[in-house]
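*Asks:* Please see the structure below; I have some questions.
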C-alpha cells in the first residue's frame, strides 16, 4: 500500500511523541463547561495501519440537508472542449455533506474551522454502535450509559480523541429516510444526548461525530449537544460514512478540515487508518 519508505514516514508523522509534542488545546466559550476544556493531545506509541477507510460521502448537488433544500450548486466556468481545461465555481452552504462543525458554529467568538489546531485533526477514533437501538427508535439519543457500556467492553474513551456514533443512518443517505421528516416537517434521526455529551467532555474528547445530519437528534428543539460541545472549543463532524468498516477502538482518524478564514465549518474529507 506504500512506496518504499512510506510506512516509516507515516510512523513518524503519526507518533504522538513527535507530531504532537508540546501542542496544547485552548478551551473557548461557555464558562459553565470550562471544567471540561479539551486536554492536551494524547501521547501514544507510533501508529501502524493496514488499510484506509474513507469516512466521507461523495458530495452531490442533491445531497440531503438539514433544511431540506439543496445547498450545493456547481457552475461550469471553463470546459475542456472549448477552453482546454476545466474549472467549476461552487455555490455552497458550509454545512453540507460530510462536514465539520467548528466551535464558531454555535458560539459568538469560538474558533473558526481554519483556527482548529492541526493536532486536533489526527487523533484516536472510538466508534459506538447503536444501530439496533436506532432501528427500534429513530429518535434515539446516545446516553452516558451507552458510553459507559462501551468503556466496559473496550477500556476508557481515548483522551484527546473523537467518538463517532454509528446508527446505521449512512445507509439511507440517498433516500428520504436520511432526513426522515414527518408530515409536519419534523425530522426523526438519532444523535447524542446531553448526558453522553457531558461524559465525553469529562473524558477529554475533542471530536464528536455522527452518521446523521446533526450532532443532536432530529427532533431536538434546543440543540443542547451543539451548545454544550462546540462553545467549549471542541469540533463536531456530521454525515460520516462507512463507520461499519471501522472497529470500535484502535483506529486513527485523519480530518481534512477546510482552512477557510472565518468558516463556521465546511465539507471535510475524513479517513480512518485501521
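In this note's numbering, the protein residues as written are 1 to 274.
Every residue, glycine too, gets a C-beta built ideally from N, C-alpha and C.
Keep in mind the model is a prediction, meaning the values are calculated, not measured.
Using only the alpha-carbon positions, how far apart do residue 66 and residue 114 sit?
*Replies:* Residue 66 and residue 114: Cα-Cα distance of roughly 23 Å.
*Asks:* Buried or exposed: where does residue 247 fall if 16 or more other Cβ atoms within 10 Å of its Cβ makes it buried?
*Replies:* When all chains shown are included, residue 247 counts as exposed.
*Asks:* Enumerate in chain order the residues of its own chain whose CB-to-CB distance from residue 1 is below 7 Å, with the five nearest sequence positions on each side excluded.
*Replies:* Low local confidence applies: a pLDDT of 46 at residue 1 is under 50, so the model's placement there is unreliable, with the coordinate-based value given in what follows. So no residue of the chain qualifies.
*Asks:* On the premise that residue 233 lies in contact with residue 111, defined as a C-beta separation below 8 Å, what is that separation, rounded to the nearest angstrom?
*Replies:* At roughly 6 Å, the Cβ-Cβ gap stays under 8 Å, so residue 111 and residue 233 are in contact.
*Asks:* Take the Cβ of residue 90 as the centre, count every other Cβ of all protein chains shown within 10 Å, and call the residue buried at 16 or more, exposed below.
*Replies:* Label assigned to residue 90: exposed.
*Asks:* Would you grab the beta carbon distance between residue 236 and residue 193 for me? Rounded to a whole angstrom, and I think it's under 8 Å.
*Replies:* Rounded, the Cβ-Cβ distance is 14 Å, inconsistent with contact.
*Asks:* So is residue 269 buried or exposed if we call it buried at 16+ other beta carbons inside 10 Å?
*Replies:* Exposed, because fewer than 16 other Cβ atoms sit within 10 Å of the Cβ of residue 269.
*Asks:* At a cut of 8 Å, does the stretch 194-202 reach the stretch 127-143 through at least three beta carbon pairs?
*Replies:* Yes: the two stretches touch, three or more of their Cβ pairs being nearer than 8 Å.
*Asks:* Do you know offhand how far residue 180's Cα is from residue 87's?
*Replies:* About 35 Å.
*Asks:* Less than 8 Å separating the beta-carbons of residue 163 and residue 224?
*Replies:* No, the Cβ-Cβ distance between residue 163 and residue 224 is not below 8 Å.
*Asks:* Find the nearest neighbour of residue 167 within the set 207, 183 and 129, judged by alpha-carbon distance.
*Replies:* When only C-alpha atoms are compared, the closest one is 129.
*Asks:* Quick check on residue 48: buried or exposed, where buried means 16 or more other Cβ atoms within 10 Å of its Cβ?
*Replies:* Classification for residue 48: exposed.
*Asks:* Please classify residue 56 as buried or exposed, where buried requires at least 16 neighbouring CB atoms within 10 angstroms.
*Replies:* So residue 56 counts as buried.
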